Amino acid sequence: MLDRESQMNSTIVQWSTDGNSFIVMDQTQFEEQTIPTYFDNRIIFTSFLRKLNRWGFRRIARSTHTHYEFTSPTFRRLGGGSAADTA
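Written as structure tokens, this is what we have:
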């Protein structure tokens with residue numbers, strides 16, 4: 078999901094530089110465009126945040142109000158490199 082979305086919509090969601098987390102760049106567009114692509118039921122961003130928490134993801138403290146960065150100990154980008162390296 079993230080590889081596809083970060084290549085198609087890098088202004089909405091993208092991998093972090095080190096590939097250890099992902100960043101939601103535009104919460105509104107993520108809620109309106111990305112979430113409906115991967116979830117059957119329309120959910121709002123706060124519900125998505127609860128799901129991430131339940132799946133073991135944590136928000137990185139350096140995230141800003143407009144950018145949300147999430148990581149999990151078992152969540153890594155496969156194949157190495159950053160999104161910028163694959164462009």
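Numbering (this note's numbering), first residue to last: 78 to 164.
We put the CB at the ideal spot given by N, CA and C, even for glycine.
If you're wondering where the values come from, they're calculated on a predicted model, not measured in any experiment.
Let's see if you can read the secondary structure: which residues bound the beta strand (DSSP E) around Ser98? Along the sequence shown, read from residue 1 onward, the residue named residue 98 stands at position 21. Start and end: 98-101.
Just the C-alpha distance for Ile120 and Pro113, rounded to the nearest angstrom, thanks. Position 43 of the sequence shown, counted from the first residue, corresponds to residue 120. Position 36 of the sequence shown, counted from the first residue, corresponds to residue 113. Looking at the two C-alpha atoms, the distance is approximately 8 Å.
Ends of the alpha helix (DSSP H) at Phe134? For the purposes of this step, residue 134 is taken as residue 57 along the sequence shown, with counting starting at 1. According to the DSSP assignment, Phe134 belongs to no alpha helix (DSSP H), since it is labelled neither H nor E.
Less than 8 Å between the beta carbons of Phe125 and Ser149, yes or no? Within the sequence shown, residue 125 is the residue found at index 48, counting from 1. Within the sequence shown, residue 149 is the residue found at index 72, counting from 1. The answer is no: Cβ separation not under 8 Å.
Determine, using beta carbons only, whether Phe116 and Ile89 come nearer to each other than 8 Å. Working through the sequence shown from its first residue, we reach residue 116 at position 39. Working through the sequence shown from its first residue, we reach residue 89 at position 12. For Phe116 and Ile89, no; Cβs fall outside 8 Å.
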